[in-house]
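Data block below; observations after.
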Amino acid sequence: VGMLGFCWGGLLTWRAAAQLPELSAAVCYYGGGMTSVQEMARQPLCPVQAHFGRRDPILPLDGVLAFARRHPEVQVHLYDADHGFNCDQRASYDDSSAVQAKDRTLQFFDQHLAL
1025 VGMLGFCWGG
1035 LLTWRAAAQL
1045 PELSAAVCYY
1055 GGGMTSVQEM
1065 ARQPLCPVQA
1075 HFGRRDPILP
1085 LDGVLAFARR
1095 HPEVQVHLYD
1105 ADHGFNCDQR
1115 ASYDDSSAVQ
1125 AKDRTLQFFD
1135 QHLAL
């Protein structure tokens, strides 16, 4: 079972990765709150991939970099984009970042989920 979440759903995906042994892989897109001290203390039970925008005003870059240092086992990807870069219904949508993140996500799930 894989789980994917965006914004608050990204945070819930991170929490699920640390609490649900049934998960085989988790992917978080700009998970609001993931970079807090409390959330960084969690330890994932499955492989995790995370996508963040360098220009995200909700998740400042210094917090994202601290998260990446705290969790070297997590595949953290940074994009020259804002929060919500993957949503084509928002002004912050960034096509090249969204495509690259989608490709990485699908490859990650292919690697960690059995068909």
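First residue of the sequence shown? That's 1025 in our numbering, and the numbers climb one at a time after it.
The C-beta atom is built at its ideal place from N, Cα and C for all residues, glycine as well.
Return the residue from the list the options that minimises the CA-CA distance to residue i.
i: R1094; options: V1061, F1109, H1107; result: V1061
i: V1025; options: M1064, V1072, D1127, K1126; result: V1072
i: G1034; options: L1044, A1042, M1058; result: M1058
i: E1063; options: F1030, L1036, V1123, P1084; result: L1036
Beta-carbon within less than 6 angstroms of residue i's beta-carbon, same chain only, minus the 5 sequence neighbours each way: which residues are those?
i: G1108; result: R1114, S1116
i: L1028; result: V1051
i: R1066; result: A1042
Can you name, in chain order, every residue of its own chain whose Cβ lies under 7 angstroms from the Cβ of residue i, other than the five neighbours on each side?
i: D1080; result: Y1054, D1106, H1107
i: I1082; result: G1056, H1107
List the whole-angstrom C-beta distance separating residue i from residue j, where the pair is believed to meet the contact cut-off of C-beta under 8 angstroms.
i: L1102; j: F1133; result: With 8 angstroms as the limit, L1102 and F1133 do not qualify as a contact, their Cβ atoms being about 20 angstroms apart.
i: S1048; j: L1137; result: 6 angstroms
i: P1045; j: L1069; result: 5 angstroms
i: D1104; j: R1078; result: 5 angstroms
i: A1092; j: V1100; result: 4 angstroms
Any C-beta of chain D sitting closer than 8 angstroms to the C-beta of residue i?
i: D1127; result: Structure shown: chain D not included; a single protein chain is present.
TODO: Entirely within the stretch 1035–1076 and at least 4 residues each: give me those alpha helix (DSSP H) ranges in chain order.
DONE: 1061–1064
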